[in-house]
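Enquirer: Let me begin by handing over the structure; questions about it come next.
Protein chains in written order, with this note's numbering: chain A, 1 to 258; chain B, 259 to 703.
As structure tokens, this is what we get:
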């Protein structure tokens, strides 16, 4: 059984249909990249998987570990092992980074019938993960993403993922807004988390991240459909040609600067 | 007497007057007579009065309140005070029950030479001249509730700190109400005076020992001498059927510094007037407020900051959290007079509505007559952010817990401004207990 099975997925925002029949199968241990121009539906797919209600699923199914993912509340998806790294992590003043992560981790553990971690156990757990993402202690005391730089926000997402240890990680444009050093740190974090039990879906506009995180499968999304799938060489191809060749009569997709 | 209203209070005053005449003493009977006459002329305010537009005090006017008699509150034992005190906090604590001082429940720690922390009645007994200044800052001619307080008050606190003296430990003034068979009215009156370069922290708590209806009409006068520093907290946690009307009037002399914090967590119908005036150059003011309401609570905060001298700075932040069918009113006025050049004034009111039935009316206001000033004001009314809720839920936190956490975070900014640590802990607990979504995430906060 595949870890993630998407069949004929259609989704819309208000009257605008954005996903127009996505089919995709992700096995445990695999990393899939989803590439495509702006407006192709990449981020919508990520948000639908995480359970954002802004998007209405009109057709199709998503099975995660054999279960109906679309029937689950966002928090239950997380507890079942789905994690989304946000393209734009939300700033939440007044909620401490450490406090938030501990609350999240313990909510997941409660759901799984595992004992909750106390403050000491939590600190032990997060300490080496912080090193992995090159975060210092002051970081944990700050308010969640509040006043963080773009790079800090993305590192925080991967840090959270490293602590929560999901089975399916959906990374939405995690490379956007990162300078080369931050990209290396973030990529290293992602690579460290690759394992035979875990799958990742990496949504990205550019092939840049894929130079560091080598995908098993690359899908090209255009106008709400997967128009091409292939191996890692497809990413390099796109890097050279851009997305201009994808233009279809009703897509309106513009050639992207690469 | 069953009926309430103005006549009832006038009639109660006659009894008080006779008792005072018989006793041949008591604070300025003539002033009290003038005050009750003025109250009878003014009557209770109505919503036609601009300052009372959103707050209808008819429920106070139509209830037959009896001014609480001076008797030892025999029913109150010390253990019952515990919820209203601040645990390990070392402080001098004066306890008043129904507006009357209870020496038995109060305790006094050793105070620096010349510092006086006493009940007004006690101070007056010892030396009638001690209350000479009382009433100077709070004219009652246009304020019916101040007139009523002036006519009826029996007790309250006197905090007098001489020049150059630092009172390191806070003073806690605890006003408790314990209702009898009929609804009672109490009229706490406080006078806080800080001499030049003196320093103090004063906490006023208003609370109930039971859920019966009662009416508190409190007035606090604060005079800050040059370079004096006062942290003043008012923790309003009255009973769920209580009416609470309070006025705090501050006069700040040159380079004095006031941090005023006002927490409204209780009461059925509440009105606070918190007013300060800069009378000398270089004064500083931080005016903070948090109202956290649910059910049918109605809380009205009026503040007035009068920049009557140059080079003073005021920063005001009031935050409101409203749930259920509660009503919150914020009305802030800042006056910058012609001579008050180099004024810096910032006024902010932020409101978080947690339900469709809650309502808030926010009226910030600046009136500026000077030209070389930095002033701004702003007001927001919003709900919990959907983006923030989704972000938290996507990490496994259920919706109720996420709502609690975000609500708590909104309040946290105000809680963190409490400098007295044991009080901060207490306010924190109270806010957590009032979070709307059951026990979700409470144990963690």
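The beta carbon of each residue, even a glycine, is placed where N, CA and C say it ideally should be.
Source: prediction; values computed, not measured.
1) Quick check on residue 691 of chain B: buried or exposed, where buried means 16 or more other Cβ atoms within 10 Å of its Cβ?
2) Say whether chain B places a C-beta atom closer than 9 angstroms to the C-beta of residue 253 of chain A.
3) Where do the ends of the beta strand (DSSP E) carrying residue 88 of chain A lie?
4) In terms of residue numbering, what span does the beta strand (DSSP E) encompassing residue 473 of chain B cover?
5) DSSP on residue 47 of chain A, reduced to helix/strand/coil?
6) Hey, is residue 56 of chain A's beta-carbon within less than 9 angstroms of any beta-carbon in chain B?
7) In chain order, what residues of the same chain lie with their CB nearer than 7 angstroms to the CB of residue 348 of chain B, ignoring the 5 residues before and after it?
8) Along the chain, where does the beta strand (DSSP E) containing residue 490 of chain B start, and where does it finish?
9) Sorted by chain position, which residues of the same chain lie with C-beta nearer than 6 angstroms to residue 608 of chain B's C-beta, five sequence neighbours on each side aside?
10) What are the start and end residues of each continuous beta strand (DSSP E) run of 3 or more residues lying completely inside the stretch 314 to 386 of chain B, in chain order?
11) Which residues does DSSP list as the beta-bridge partners of residue 5 of chain A?
12) Thinking residue 342 of chain B and residue 532 of chain B are a contact (beta carbons under 8 angstroms), I'd like their distance in whole angstroms, please.
13) Assuming residue 547 of chain B contacts residue 515 of chain B (C-beta within less than 8 angstroms), just tell me the rounded distance between them.
14) Going by beta-carbon coordinates alone, are residue 107 of chain A and residue 648 of chain B separated by less than 9 angstroms?
15) Around the Cβ of residue 46 of chain A, are there at least 16 other Cβ atoms within 10 angstroms (buried) or fewer (exposed)?
16) Output, in chain order, the set of chain B residues within a Cβ distance shorter than 7 angstroms of residue 158 of chain A.
17) Which residue marks the beginning of the beta strand (DSSP E) containing residue 35 of chain A, and which one marks its end?
18) Run through the stretch 56 to 141 of chain A for me and flag every whole alpha helix (DSSP H) of 4 or more residues, listed as ranges in chain order.
19) Whole angstroms is fine: what's the gap from residue 137 of chain A's alpha carbon to residue 416 of chain B's?
20) Compare the C-beta of residue 18 of chain A with all C-beta atoms of chain B and state if any pair is closer than 9 angstroms.
21) Strictly under 9 angstroms for the Cβ-Cβ distance: is residue 344 of chain B near chain A by that measure?
22) Could you confirm whether any beta carbon from chain B is found closer than 9 angstroms to the beta carbon of residue 152 of chain A?
23) Hey, could you find the ends of the beta strand (DSSP E) residue 402 of chain B is sitting in?
24) What are the partner residues of residue 510 of chain B, as DSSP defines its beta bridges?
25) Taking any Cβ of chain A, which residues in the stretch 458 to 485 of chain B have a Cβ under 9 angstroms from it, in chain order?
26) Residues in the stretch 61 to 87 of chain A with C-beta within 9 angstroms of chain B's C-beta atoms, listed in sequence order?
27) Let's see if you can read the secondary structure: which residues bound the beta strand (DSSP E) around residue 649 of chain B?
28) Take every Cβ of the stretch 378 to 387 of chain B, pair it with every Cβ of the stretch 489 to 496 of chain B, and state whether three or more of those distances are shorter than 8 angstroms.
29) Could you tell me the boundaries of the beta strand (DSSP E) in which residue 632 of chain B lies?
30) So is residue 632 of chain B buried or exposed if we call it buried at 16+ other beta carbons inside 10 Å?
31) Run the CB neighbour count on residue 636 of chain B, radius 10 Å, all protein chains shown included, and call it buried at 16 or more, exposed below.
32) When you compare the CB of residue 107 of chain A with every CB in chain E, is at least one pair closer than 9 angstroms?
33) If you measure from the beta carbon of residue 164 of chain A to each beta carbon in chain B, is any gap under 9 angstroms?
34) What does a CB cutoff of less than 6 angstroms around residue 146 of chain A pick up in its chain, not counting 5 residues either side in sequence?
35) Whole angstroms is fine: what's the gap from residue 388 of chain B's alpha carbon to residue 101 of chain A's?
36) Go to residue 680 of chain B, then tell me how far its alpha helix (DSSP H) extends in each direction, as first and last residue.
Expert: Taking the definition as stated:
1) Position 433 of the second chain, counted from the start, is the residue given in the question as residue 691 of chain B. By the Cβ neighbour-count rule, residue 691 of chain B is exposed, with fewer than 16 other Cβ atoms within 10 Å of its own.
2) Taking the first chain and counting its residues from 1, one reaches residue 253 of chain A at position 253. Since pLDDT at residue 253 of chain A reaches only 45, below the 50 mark, its modelled position is unreliable, and the value read off the structure follows with that caveat. With 9 angstroms as the cut-off, residue 253 of chain A does not count as an interface residue toward chain B.
3) Here residue 88 of chain A refers to the residue found at position 88 when the first chain is read from its first residue. Judged by DSSP secondary structure, residue 88 of chain A falls outside any beta strand (DSSP E); it is assigned neither H nor E.
4) The residue given as residue 473 of chain B occupies position 215 in the second chain. Start and end: 472 to 482.
5) Start at 1 with the first residue of the first chain, and residue 47 of chain A comes out as number 47. If DSSP states are grouped into helix, strand and coil, residue 47 of chain A belongs with the helices.
6) By one-based count along the first chain, residue 56 of chain A stands at place 56. It does not; no Cβ of chain B falls within 9 angstroms.
7) Along the second chain, read from residue 1 onward, the residue named residue 348 of chain B stands at position 90. Beyond the five residues adjoining it in sequence on each side, residue 348 of chain B comes within less than 7 angstroms, by CB distance, of 367, 427 in the same chain, given in chain order.
8) Here residue 490 of chain B is taken as the residue at index 232 of the second chain, counted from 1. Start and end: 487 to 495.
9) Taking the first residue of the second chain as 1, we reach residue 608 of chain B at position 350. Contacts found: 577, 638.
10) Counting whole runs of 3 or more residues, the stretch 314 to 386 of chain B contains the beta strand (DSSP E) stretches 350 to 355, 374 to 377.
11) Mapped onto the first chain, residue 5 of chain A falls at position 5. According to DSSP, which records beta bridges pairwise, residue 5 of chain A is partnered with A/25, A/63.
12) Position 84 of the second chain, counting from 1, holds the residue named residue 342 of chain B. Position 274 of the second chain, counting from 1, holds the residue named residue 532 of chain B. The Cβ separation is near 21 angstroms, so there is no contact.
13) As a first step, residue 547 of chain B must be located in the second chain, where it is residue number 289. As a first step, residue 515 of chain B must be located in the second chain, where it is residue number 257. Rounded to the nearest angstrom, the Cβ distance from residue 547 of chain B to residue 515 of chain B is 18 angstroms, too far for a contact under 8 angstroms.
14) Position 107 of the first chain, counting from 1, holds the residue named residue 107 of chain A. Position 390 of the second chain, counting from 1, holds the residue named residue 648 of chain B. No. Outside cutoff.
15) As a first step, residue 46 of chain A must be located in the first chain, where it is residue number 46. The residue in question, residue 46 of chain A, is buried, as its Cβ has 16 or more Cβ neighbours within 10 Å.
16) What you label residue 158 of chain A is simply residue 158 of the first chain in a count that begins at 1. Think of a sphere of 7 angstroms around the beta carbon of residue 158 of chain A: no beta carbon from chain B falls inside it, the nearest being about 13 angstroms out.
17) If you number the first chain from 1, residue 35 of chain A lands on position 35. 31 to 35 is the span of the beta strand (DSSP E), which, as asked, contains residue 35 of chain A.
18) Secondary structure within the stretch 56 to 141 of chain A: the alpha helix (DSSP H) runs of 4 or more consecutive residues, fully enclosed, are 74 to 80, 97 to 111, 119 to 132, 137 to 141 (chain order).
19) As a working note, residue 137 of chain A is residue 137 in the first chain. As a working note, residue 416 of chain B is residue 158 in the second chain. Rounded to whole angstroms, the gap between the alpha carbons of residue 137 of chain A and residue 416 of chain B is 48 angstroms.
20) The residue labelled residue 18 of chain A in the question sits at position 18 within the first chain. It does not; no Cβ of chain B falls within 9 angstroms.
21) As a working mapping, residue 344 of chain B is identified with position 86 in the second chain. Taking Cβ atoms only, chain A never reaches closer than 9 angstroms to residue 344 of chain B, which makes this a no.
22) As a first step, residue 152 of chain A must be located in the first chain, where it is residue number 152. With respect to chain B, the C-beta atom of residue 152 of chain A has no partner C-beta closer than 9 angstroms.
23) Locating residue 402 of chain B in the second chain gives position 144, counting from the first residue. From DSSP, residue 402 of chain B is part of no beta strand (DSSP E) but of the alpha helix (DSSP H) over 402 to 410.
24) Start at 1 with the first residue of the second chain, and residue 510 of chain B comes out as number 252. Residue 510 of chain B pairs with B/482, B/536.
25) From the stretch 458 to 485 of chain B, no residue has a Cβ closer than 9 angstroms to chain A.
26) Within the stretch 61 to 87 of chain A, those residues whose Cβ lies closer than 9 angstroms to any Cβ of chain B are, in chain order, 73, 74, 75, 76, 77, 78, 79, 82, 83, 84, 86.
27) The residue you call residue 649 of chain B lines up with position 391 of the second chain. Residue range 644 to 651 is occupied by the alpha helix (DSSP H) that includes residue 649 of chain B, with no beta strand (DSSP E) assigned at that position.
28) With the cut-off at 8 angstroms, the stretch 378 to 387 of chain B and the stretch 489 to 496 of chain B do not touch.
29) Taking the second chain and counting its residues from 1, the one referred to as residue 632 of chain B is at position 374. For residue 632 of chain B, the enclosing beta strand (DSSP E) covers residues 632 to 640.
30) As a working mapping, residue 632 of chain B is identified with position 374 in the second chain. A residue is called buried once 16 or more other Cβ atoms fall within 10 Å of its Cβ, and residue 632 of chain B, having fewer, is exposed.
31) As a working mapping, residue 636 of chain B is identified with position 378 in the second chain. Result: exposed.
32) In the displayed structure, chain E is absent; the protein chains listed are A and B.
33) Taking the first residue of the first chain as position 1, residue 164 of chain A is located at position 164. Closer than 9 angstroms: yes.
34) Counting from one through the first chain, the residue named residue 146 of chain A turns up at place 146. Result list for residue 146 of chain A: 91, 93, in chain order.
35) Here residue 388 of chain B refers to the residue found at position 130 when the second chain is read from its first residue. Here residue 101 of chain A refers to the residue found at position 101 when the first chain is read from its first residue. Taken atom to atom, the span from the alpha-carbon of residue 388 of chain B to that of residue 101 of chain A is near 57 angstroms.
36) Along the second chain, read from residue 1 onward, the residue named residue 680 of chain B stands at position 422. It spans 679 to 691 - the alpha helix (DSSP H) in which residue 680 of chain B sits, taken as one unbroken run.
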